[in-house]
Structures are given as C-alpha cells and as structure tokens.
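What follows is a single structure, written as structure tokens, with notes after it.
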Amino acid sequence: MTTMKIEIEFENSYEAVLRVDGREMRVISKPGESRLDGIKGADLDQTLGGIIVGRLWTKISDFQQAWAAVGEFDPEADTWTVISEEAAEAAENRIF
Numbered sequence: 153m154t155t156m157k158i159e160i161e162f163e164n165s166y167e168a169v170l171r172v173d174g175r176e177m178r179v180i181s182k183p184g185e186s187r188l189d190g191i192k193g194a195d196l197d198q199t200l201g202g203i204i205v206g207r208l209w210t211k212i213s214d215f216q217q218a219w220a221a222v223g224e225f226d227p228e229a230d231t232w233t234v235i236s237e238e239a240a241e242a243a244e245n246r247i248f
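Read in this note's numbering, the sequence shown has 231 at position 79, and its numbers run on one by one without any break.
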C-alpha cells in the first residue's frame, strides 16, 4: 500500500482547500450553498481518493460551521485560542 497525503487549509469559515496527494479541491459551505469544486464523475465516485474526498467534504463543512459558531463568541479566535465554554459547546454541536 502506498501513502496518501491529505491537507486541509481553511481560508475562512465558509471556504477551504482540500489537497489529496497534490490534487486540489475547493470546499464551499455557506448558507444556501454547499459544493465541492475540482473533482467530479468517475474521479469522485470510482477512485479511492475520490471516495475519501467525498467523506471528508461533509466533515469539512461541519468544521467550517464550527469555526463560524466560535466566531460568534470570539471573532479573534484562531486554532489554539482558549475559547469560552459556550463557544466550545457551539463548536462541538456543529461537528458532532
């Protein structure tokens, strides 16, 4: 089995870049719109990378919603900022 490198770069609370073995896809998730750009058809449905991307896409959308929820409590929070219990609960509710 070969290795697979997966990177997720959140640009803001509604847009992220997902890279799998160098192939770049864009995840957009905002009110009324959720889409995955950069992969479709057999590449998405009939490759191991595409199947994994399809599953990650839904979780990335959840992460984006969590980021937006934390931003409602603390707009300056970043990945390792200690946030309030309320913000943490809001984030967890969006992810799980």
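Glycine included, every Cβ here is placed at the ideal spot set by N, Cα and C.
C-beta atoms of residue i and residue j nearer than 7 angstroms
i    : j    : result
K192 : D173 : no
A221 : A240 : no
S236 : F225 : yes
D195 : G202 : yes
Q216 : Y166 : yes
Backbone secondary structure at residue i - three-state DSSP
i    : result
F215 : helix
F248 : coil
I203 : helix
V222 : helix
E228 : coil
D195 : helix
Residue of the options minimising C-alpha distance to residue i
i    : options                : result
E163 : S236, T155, T231       : T231
D214 : T155, A229, T154, A168 : A168
E176 : S165, D189, P183, R207 : D189
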